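A quick write-up on the structure given underneath.
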Amino acid sequence: SHMGQMIDDLLNLLRMVSAELSTEPVCMASMVAAVVEVLRPAWPRSVIDVESLPDAAGDPTLLRQLWSNLIDNALKYSSRNENPKVRVGYDGARRAYFVHDNGVGFDMAYAAKLFGVFQRMQSDFPGSGVGLAIVARIVERHGGRIWAESAPGRGATFWFTLA
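Residue numbers (my numbering): 3 to 165.
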């Protein structure tokens, strides 16, 4: 079953990188609210704070996948915290959107591996290691960049820009 999941994840990645990109105005606040509404029932103990988000131009299907992967990861990796918390927002100075959690975090020495296929920082959490690879490809297809900041036991923040 694990091999089947890995194959499904690879096919999903292929679809994300080969699908035709449609660019249109996207209300990021509405999109994130819809993603949170879908994810919240699976993580009832988690607090999810969504700050003001500016609109963007991009492919709505791909951007929804991006937000879903980032927020779901944040919920997953903070779930073992006594008070799991995820914060979604936008930093005007950096001109970047972010998803921050108070979870397990990771050692920045391994940050270069984060967005590779089947690269996993935490093997004791479920997942195939394709979610962040998908996110990175979506951001790249939108002419942006993605990066992360973290420390073990101090949570993580994933940042991304769009062109």
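We treat Cβ as the ideally placed atom computed from N, Cα and C, and that holds for glycine. All values reported here derive from a predicted model rather than from experimental measurement.
Residue burial classification, T25 (beta-carbon count within 10 angstroms, cutoff 16): Exposed, since its Cβ has fewer than 16 Cβ neighbours within 10 Å.
Three-state secondary structure (DSSP) of D51: In this structure, DSSP gives D51 an extended state, which the three-state scheme calls strand.
Segments of 3+ residues assigned as beta strand (DSSP E) that fall wholly inside the region 23-80: If one requires a minimum length of 3 residues, the beta strand (DSSP E) runs lying completely within the region 23-80 are 26-28, 49-52 and 58-60, in chain order.
Inter-stretch contact (C-beta, 8 angstroms, three-pair minimum) for the region 139-153 and the region 27-45: no
Segment contact, 8 angstroms Cβ cut-off, at least three pairs: the region 40-50 with the region 105-113: no
Backbone CA spacing between N75 and T63 [nearest angstrom]: 18 angstroms
For E151: DSSP bridge partner residues: Beta-bridge pairing links E151 to T159.
Beta-bridge partners of D103, as assigned by DSSP: V88 and A158
Straight-line gap, L68 to P154 (C-alpha atoms, nearest Å): 24 angstroms
Close-in-space but distant-in-sequence residues of the same chain around G157 (CB under 6 angstroms, 5 per side omitted): So the list reads D103, N104, G105 and G107, once near-sequence residues are dropped.
Residue of L65, P56, V38 and A95 minimising C-alpha distance to R89: Ranking L65, P56, V38 and A95 by Cα distance to R89 puts V38 first.
Proximity winner among T159, L134, E84 and R82, relative to Y99 (alpha-carbon distances): T159
Unbroken alpha helix (DSSP H) run spanning L116, endpoints: That residue, L116, is in no alpha helix (DSSP H); it is neither H nor E in DSSP.
Three-state class that DSSP yields for A95 in the structure shown: Here A95 sits in coil by DSSP.
Own chain partners of W149 with C-beta closer than 7 angstroms, once the 5 adjacent residues on each side are dropped: W161
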